[in-house]
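Scroll down for the structure; my scribbles are underneath it.
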Amino acid sequence: MIKLKLFPKNGTLKRQIKFLLNYAILAPSGHNSQPWSFVLTDNSVTVLPNFNYSRPMVDPSNRELYISLGAVVTNISLAANYFGLIYDKKYLIDPKTKQQSVIFAFKNGKTISQDQDLFLAIINRVTNRFEYQNKEIDKNLIKSLTKSNYPDVKFTHIYSHTDKKSLSKLVYESNLLWFHKTELVDELVSWLRTDLSTHRDGLPHNTFVNIIKKAQREANLVLSSPLSIIISSSTESIKNWINVGEAFQILALKLTHYGLAHSYFNNPVQLITILKKLNQEFKLKGSAQLILRVGYPTVKPPQSKRRSLATFLKDMS
Ligand SMILES: Cc1cc2nc3c(=O)[nH]c(=O)nc-3n(C[C@H](O)[C@H](O)[C@H](O)COP(=O)(O)O)c2cc1C
43 MIKLKLFPKN GTLKRQIKFL LNYAILAPSG HNSQPWSFVL TDNSVTVLPN
93 FNYSRPMVDP SNRELYISLG AVVTNISLAA NYFGLIYDKK YLIDPKTKQQ
143 SVIFAFKNGK TISQDQDLFL AIINRVTNRF EYQNKEIDKN LIKSLTKSNY
193 PDVKFTHIYS HTDKKSLSKL VYESNLLWFH KTELVDELVS WLRTDLSTHR
243 DGLPHNTFVN IIKKAQREAN LVLSSPLSII ISSSTESIKN WINVGEAFQI
293 LALKLTHYGL AHSYFNNPVQ LITILKKLNQ EFKLKGSAQL ILRVGYPTVK
343 PPQSKRRSLA TFLKDMS
C-alpha cells in the first residue's frame with residue numbers, strides 16, 4: 043500500500059505527478075477491469091480509456107468504463123490538492139479519433155487542500171458486498187451526502203419503505219432477466235477469479251451463485267439496508283459519464299470518511315426494459331447510471347488488488 047511519506051517533495055514535478063497515480067489506480071471499476079491508461083510528460087498527465095479492458099457485452103457503449111475513468115479523475119484531483127500541486131483540468135476530444143480524455147496540466151506554485159479527509163479516504167474505500175448493520179443513518183448526514191457538485195448529476199435517496207419495496211422488486215426482476223442472457227453471463231464468468239491473491243484484476247468467484255438465491259438475497263438487501271442512492275444524469279454523453287464517475291467517487295469517499303459502507307445493484311441499469319421502469323418509478327430526469335446500497339458495515343472486506351502502475355503508463359518525455 044502506498045505511503046504518504048514517500049511523496050517526492052524535493053523531486054521533479056514529473057516524479058510528483060507519477061506518485062499521484064498510485065492513488066489514481068485505487069479507483070473502483072466495473073469487474074475491477076481497470077480500463078484506463080496514463081500519458082505522462084514533464085508537467086502533465088492525460089487520463090485515457092483503455093479499450094483492451096472494455097466489457098462489450100455488459101457495457102456496450104462503454105458507459106461504465108467512462109464512469110470508472112471519472113473515479114480516477116477524482117482521485118488525481120484530490121491527491122494533487124493534498125500534496126499542494128496546482129493544475130488545470132481539461133476534457134479533450136481528439137479531432138481525428140474522437141477519443142475523449144482528461145488532461146491535468148500542472149503549474150508552478152503551491153495550494154492548500156480543502157479536502158484532506160476525502161483524499162485520506164482513498165486508501166480505505168472498498169466495495170462492501172456484505173450485509174450492513176440495522177442502524178439508521180442520520181437524516182442530516184443523508185442530506186449532505188446526497189448533494190452532487192455536478193449540475194448534470196443527481197443523487198436520489200431511497201429510504202422510505204415504499205421506495206425500498208419498489209427498488210427491491212426491480213432488483214429482483216433484473217437479476218432473473220440478467221442471468222438468462224448467456225452473453226452477459228459468459229462475459230462475467232471470464233472475469234471471475236478462483237484465487238484473488240494471485241490475480242490483480244477481476245472478481246471473487248463466489249459472485250456467481252444460484253440465480254434465484256442471488257435475486258432473493260439482493261432484493262432483501264435493498265429492504266434491509268438503511269439507504270440506497272440512485273445516481274442519475276440528465277444526458278448521455280462521454281463527458282457526462284466521466285462527470286458521473288467523478289461525482290460518484292466523491293460520494294464513495296465521503297461515505298468511507300463517515301464510516302459508511304457501500305455496494306452496487308447495477309443489473310437494473312444494464313437492462314433497458316428494467317431501466318425504463320426504474321427511471322419512471324423514481325421520476326428521474328434523464329437516466330439512472332448507478333445504484334448504490336449504503337449502511338454501517340458488519341464486516342470489513344479485504345481490498346481488491348490492482349495491476350502495477352507501470353502497466354498503465356506511457357511516458358512521453
Ligand atoms: C461503474 C462501476 C460499476 C460497478 N458495478 C458493480 C456491480 O454491478 N456489482 C458489484 O458488485 N460491484 C460493482 N462495481 C464495483 C467493482 O466490482 C469494484 O469497484 C472492483 O471490483 C474493485 O473493488 P474495490 O471497489 O473494492 O476497490 C462497479 C464499479 C464501478 C466503478
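Numbered by our numbering, the letters in the sequence shown go through residues 43 to 359 in order.
The C-beta atom is built at its ideal place from N, Cα and C for all residues, glycine as well.
Original post:
Between Ile-118 and Phe-148, which are expected to be in contact by the criterion C-beta below 8 Å, what is the C-beta distance as a whole number of angstroms?
Top reply: Locating residue 118 in the sequence shown gives position 76, where the first residue counts as 1. Locating residue 148 in the sequence shown gives position 106, where the first residue counts as 1. Not quite, the Cβ-Cβ distance comes to about 11 Å (not below 8 Å), so this is no contact.
Subject >> C-beta atoms of Ser-267 and Gly-328 nearer than 9 Å >> reply: Position 225 of the sequence shown, counted from the first residue, corresponds to residue 267. Position 286 of the sequence shown, counted from the first residue, corresponds to residue 328. In this structure, Gly-328 does not lie closer than 9 Å to Ser-267 by Cβ.
Subject >> 6 Å Cβ shell around His-299 - same chain, five flanking residues per side excluded >> reply: Position 257 of the sequence shown, counted from the first residue, corresponds to residue 299. Cβ neighbours of His-299 beyond the five flanking positions: Asp-159, Ala-163.
**OP:** Classify Arg-171 as helix, strand or coil using the three-state DSSP reduction.
**Re:** Counting from one through the sequence shown, the residue named residue 171 turns up at place 129. Arg-171: coil per DSSP, three-state reduction.
Original post:
From Leu-212 to His-241, what distance separates their C-alpha atoms?
Top reply: By 1-based counting over the sequence shown, the position of residue 212 is 170. By 1-based counting over the sequence shown, the position of residue 241 is 199. Distance between the alpha carbons of Leu-212 and His-241: 33 Å.
Original post:
If we count Cβ pairs, one from each stretch, closer than 8 Å, do we get three or more for the stretch 345-359 versus the stretch 78-95?
Top reply: yes
Original post:
Does the pairing of the stretch 252-272 with the stretch 118-130 give three or more beta-carbon distances under 8 Å?
Top reply: no
Original post:
Roughly how many whole angstroms lie between the Cα atoms of Lys-207 and Leu-265?
Top reply: Taking the first residue of the sequence shown as 1, we reach residue 207 at position 165. Taking the first residue of the sequence shown as 1, we reach residue 265 at position 223. Their Cα atoms are separated by approximately 7 Å.
Subject >> Terminal residues of the alpha helix (DSSP H) in which Tyr-108 lies >> reply: As a first step, residue 108 is located in the sequence shown; it is residue number 66 there, counting from the start. 105-124 is the extent of the alpha helix (DSSP H) around Tyr-108.
Subject >> Beta carbon of Val-89 nearer than 9 Å to that of Ser-143 >> reply: Reading the sequence shown from its first residue, position 47 is the one you call residue 89. Reading the sequence shown from its first residue, position 101 is the one you call residue 143. A contact, by the Cβ cut-off of 9 Å.
**OP:** May I ask you to report which of helix, strand or coil DSSP gives His-247?
**Re:** For this step, residue 247 is matched to residue 205 along the sequence shown. Three-state result, His-247: helix.
Original post:
Should Phe-172 be listed as close to ligand 1, given that the test is whether its C-beta is under 8 Å from any heavy atom?
Top reply: To locate residue 172, count along the sequence shown from 1; it is residue 130. Flag unset: Cβ of Phe-172 not near ligand 1.
**OP:** Using three-state DSSP, classify Ser-232 as helix, strand or coil.
**Re:** Position 190 of the sequence shown, counted from the first residue, corresponds to residue 232. Of the three classes helix, strand and coil, the one that applies to Ser-232 here is helix, per DSSP.
Subject >> Alpha-carbon spacing of Leu-187 relative to Gly-287, whole angstroms >> reply: Residue numbering aside, residue 187 sits at position 145 when the sequence shown is read from its first letter. Residue numbering aside, residue 287 sits at position 245 when the sequence shown is read from its first letter. Those two C-alpha atoms are separated by around 15 Å.
Original post:
Are Ile-271 and Leu-293 closer than 9 Å when you measure CB to CB?
Top reply: For the purposes of this step, residue 271 is identified with residue 229 of the sequence shown, where counting begins at 1. For the purposes of this step, residue 293 is identified with residue 251 of the sequence shown, where counting begins at 1. Yes, they are a contact pair.
**OP:** Compute every distance between the C-beta of Phe-197 and the non-hydrogen atoms of ligand 1, then say whether any falls below 8 Å.
**Re:** For the purposes of this step, residue 197 is identified with residue 155 of the sequence shown, where counting begins at 1. Flag unset: Cβ of Phe-197 not near ligand 1.
Subject >> Pro-310: first and last residue of the uninterrupted alpha helix (DSSP H) it sits in >> reply: As a working note, residue 310 is residue 268 in the sequence shown. Pro-310 -> alpha helix (DSSP H) spans 309-312.
Subject >> Status (buried if at least 16 other CB within 10 Å, exposed otherwise) for Phe-93 >> reply: Locating residue 93 in the sequence shown gives position 51, where the first residue counts as 1. The residue in question, Phe-93, is exposed, as its Cβ has fewer than 16 Cβ neighbours within 10 Å.
Subject >> C-alpha distance - Pro-339 paired with Phe-324, whole-angstrom precision >> reply: The residue you call residue 339 lines up with position 297 of the sequence shown. The residue you call residue 324 lines up with position 282 of the sequence shown. Cα to Cα, the separation comes out at about 27 Å.
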